[in-house]
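Written out below as structure tokens is the structure these notes cover.
2 protein chains.
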Amino acid sequence: MAKQERALRTREALVNSAAEVFDCEGFSVASLTTISSRAGVSNGALHFHFASKAALADAVEEAAERRLDQVTQRGTEDPNALQCLVDATHDLARGLREDVVLRAGFCLSSDQSYAGERDLRVEWRRWVEGVLKRADGDGTLTESVPAQDVMLAVVAATVGFEVLGARDATWLSYRTLTRFWQLLLPRLAAPATLDTLRAEGVHGPRAGNAARIGHQGREP
Amino acid sequence: MAKQERALRTREALVNSAAEVFDCEGFSVASLTTISSRAGVSNGALHFHFASKAALADAVEEAAERRLDQVTQRGTEDPNALQCLVDATHDLARGLREDVVLRAGFCLSSDQSYAGERDLRVEWRRWVEGVLKRADGDGTLTESVPAQDVMLAVVAATVGFEVLGARDATWLSYRTLTRFWQLLLPRLAAPATLDTLRAEGVHGPRAGNAARIGHQGREP
Chain S
1 MAKQERALRT REALVNSAAE VFDCEGFSVA SLTTISSRAG VSNGALHFHF ASKAALADAV
61 EEAAERRLDQ VTQRGTEDPN ALQCLVDATH DLARGLREDV VLRAGFCLSS DQSYAGERDL
121 RVEWRRWVEG VLKRADGDGT LTESVPAQDV MLAVVAATVG FEVLGARDAT WLSYRTLTRF
181 WQLLLPRLAA PATLDTLRAE GVHGPRAGNA ARIGHQGREP
Chain V
1 MAKQERALRT REALVNSAAE VFDCEGFSVA SLTTISSRAG VSNGALHFHF ASKAALADAV
61 EEAAERRLDQ VTQRGTEDPN ALQCLVDATH DLARGLREDV VLRAGFCLSS DQSYAGERDL
121 RVEWRRWVEG VLKRADGDGT LTESVPAQDV MLAVVAATVG FEVLGARDAT WLSYRTLTRF
181 WQLLLPRLAA PATLDTLRAE GVHGPRAGNA ARIGHQGREP
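In the order they appear, the protein sequences are chains S and V.
147 is the number that UniProt numbering gives to position 147 of the first sequence; each next residue is one higher, with no gaps.
64 is the number that UniProt numbering gives to position 64 of the second sequence; each next residue is one higher, with no gaps.
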């Protein structure tokens, strides 16, 4: 039992270490020796758990997929579907800032030298499509705006934040996401729900006393 | 003179071939032999023009930068700064669809295995910032929307279209860009100019008889 637990911990350390190295160097350049030594294990232990670098990348993507599922599941808590979308983008941005496994999983989706089975951006797109369909159905999305057009804009912008954020974390900041939603929500929300929506998200650091989106002023 | 011209043509063929290979495989995996044989020249000719793979990538980025300059220069023709921005995003998307050099130049900007001197996404961001400052100054941008927030949304979305478009060209289609602007322009444009703006761009395939953005209906 203790042995099994140790094996699980070694595997997890290898997945984290691989995510760090893929995140810094990309898949093709990453060396298995760097990954194992960063995890504090031997090359032999690495090969016991993973037959190849591709198997390791697959494990990173799988772990990242589970974390993306957590983001989108938490993003279904609010009864207002548009608020769910706002909250999930904040959670995703925080995850990409703080969690190297999630970041590496997204990076691997566009790494030409690694053709994995998963594509986290496609999974994110599917979730955004679903939640907007819900917003369309329950009338929180304004009638004059097609849900599909909103999906295009939101998925493109969040993927842009993710890619630009890899070089400059400002793109993934709480403030950037809040400003994005302050811009977009008045165009998307049905007039009756606009005043109840929080561009800063309901889980955000200033969620308690933040201004509602209808009342933000012009920046200096 | 003929010899010099031949040398220039060989150099150009190598830059195009390198762009194709970088675009497909990424910088680190790309082989110089594949690049030279695809250009129809010897390895020796490649090394006569370029000392290293990094020098070749630098030449691709330089050529891509010139093409981006053409996009943004053409995007200053319209007296309405917001229309300039719309037109330039359409031109950029068309360029990324059709021109492998421009596409490879943008890709190299986020390739972890190649640390070049240029970053086309940063150059694009600077241009978007400038044109929005102009729109803010001349009153085509509505007063209630900070130019900096519009910059964040437009740069993130266009970078998203670029990255997603590398796997699925629909993201860079004329229709996708038009729908993006149909969504955004009513939130950005000062009421007096909204009716004069064309979400489909003034250079687009249907520019002659396209509907103005104020009057689009809900999609089926």
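Using N, Cα and C, we set each Cβ at its ideal position, and we do this for glycine too.
For clarity, every value in this text was computed on a predicted model and none was experimentally measured.
Test: residue i CB closer than 8 Å to a CB of chain V
i: P191/S; result: no
i: S113/S; result: yes
i: E219/S; result: Note on E219/S: pLDDT 34, under 50, position unreliable in the model; the coordinate value appears next. Yes, its Cβ sits closer than 8 Å to a Cβ of chain V.
i: T176/S; result: yes
i: W124/S; result: no
i: A157/S; result: yes
i: G26/S; result: yes
i: A166/S; result: yes
i: G160/S; result: yes
i: R11/S; result: no
i: L32/S; result: no
i: R118/S; result: no
i: R66/S; result: no
i: R74/S; result: no
i: V29/S; result: yes
Expected contact under 8 Å - CB spacing of residue i and residue j to nearest Å
i: E162/S; j: R118/S; result: The Cβ separation is near 15 Å, so there is no contact.
i: D111/V; j: G165/V; result: Incorrect: roughly 17 Å between the Cβ atoms, too far for contact.
i: G201/S; j: D87/S; result: 5 Å
i: S28/S; j: S28/V; result: 4 Å
i: residue 226/V; j: A93/V; result: Within the shown structure, residues of chain V are numbered from 1 to 220, placing residue 226/V beyond reach of any answer.
i: V100/V; j: E20/V; result: 5 Å
i: A192/V; j: R134/V; result: So it is not a contact: roughly 17 Å between Cβ atoms.
i: R67/S; j: L102/S; result: 5 Å
Proximity test, Cβ basis, 8 Å: residue i and chain S
i: R94/V; result: no
i: L56/V; result: no
i: S110/V; result: yes
i: G40/V; result: no
i: W171/V; result: yes
i: L152/V; result: yes
i: A187/V; result: For clarity, residue 187/V is Arg in the given sequence; the question names Ala instead. Chain S, which has a Cβ nearer than 8 Å to the Cβ of R187/V, makes this yes.
i: Q4/V; result: no
i: L14/V; result: no
i: Q182/V; result: yes
i: L197/V; result: no
i: R134/V; result: no
i: V163/V; result: yes
Backbone CA spacing between residue i and residue j [nearest angstrom]
i: Q83/S; j: V155/V; result: 23 Å
i: G95/V; j: E5/S; result: 53 Å
i: R38/V; j: S17/V; result: 6 Å
i: A54/S; j: E61/S; result: 10 Å
i: A7/V; j: L85/S; result: 55 Å
i: E123/S; j: L132/V; result: 33 Å
i: residue 236/V; j: D58/V; result: The first residue shown for chain V is 1 and the last is 220, placing residue 236/V beyond what the model contains.
i: A104/V; j: K3/S; result: 48 Å
i: T140/V; j: E129/V; result: 15 Å
i: G116/S; j: V159/V; result: 22 Å
i: H47/S; j: E98/S; result: 28 Å
i: G40/S; j: C24/S; result: 18 Å
i: T170/V; j: L152/S; result: 10 Å
i: G137/V; j: Q182/S; result: 21 Å
i: R9/V; j: A189/S; result: 55 Å
i: T33/S; j: G44/S; result: 10 Å
i: C107/V; j: Y114/V; result: 10 Å
i: T76/S; j: S173/S; result: 22 Å
i: R198/V; j: S42/V; result: 49 Å
i: Q148/V; j: S36/V; result: 44 Å
i: D91/S; j: S144/V; result: 27 Å
i: P186/S; j: R187/V; result: 8 Å
i: R179/V; j: Q73/S; result: 29 Å
i: V71/V; j: V150/V; result: 20 Å
i: T142/V; j: L56/S; result: 50 Å
i: A157/S; j: F22/V; result: 25 Å
i: D168/S; j: T89/S; result: 18 Å
i: P146/V; j: D78/V; result: 22 Å
i: S109/S; j: R175/V; result: 25 Å
ask   = What are the complete alpha helix (DSSP H) segments, minimum 4 residues, inside the stretch 131 to 217 of chain S?
value = As far as the stretch 131 to 217 of chain S is concerned, its whole alpha helix (DSSP H) runs of at least 4 residues are 147 to 165, 174 to 188 and 191 to 194.
message = Residues of the stretch 139 to 150 of chain S in Cβ contact with chain B at a cutoff of 8 Å, in chain order, please.
response = In summary, chain B is missing from the structure at hand, where the protein chains are S and V.
request  = Would you mind listing the alpha helix (DSSP H) stretches within the UniProt domain "HTH tetR-type" (8 to 68) of chain V that are 4+ residues and don't spill past its ends, in chain order?
outcome  = 32 to 39 and 43 to 49, all fully within the UniProt domain "HTH tetR-type" (8 to 68) of chain V.
key: Residues, ordered as in the chain, of the stretch 79 to 105 of chain V that lie near chain S by beta-carbon distance below 8 Å   = So nothing in the stretch comes that close.
inquiry  = List, from N- to C-terminal side, the alpha helix (DSSP H) runs of 4 residues or more that fit wholly inside the stretch 65 to 98 of chain S.
reply    = The qualifying runs are 81 to 98.
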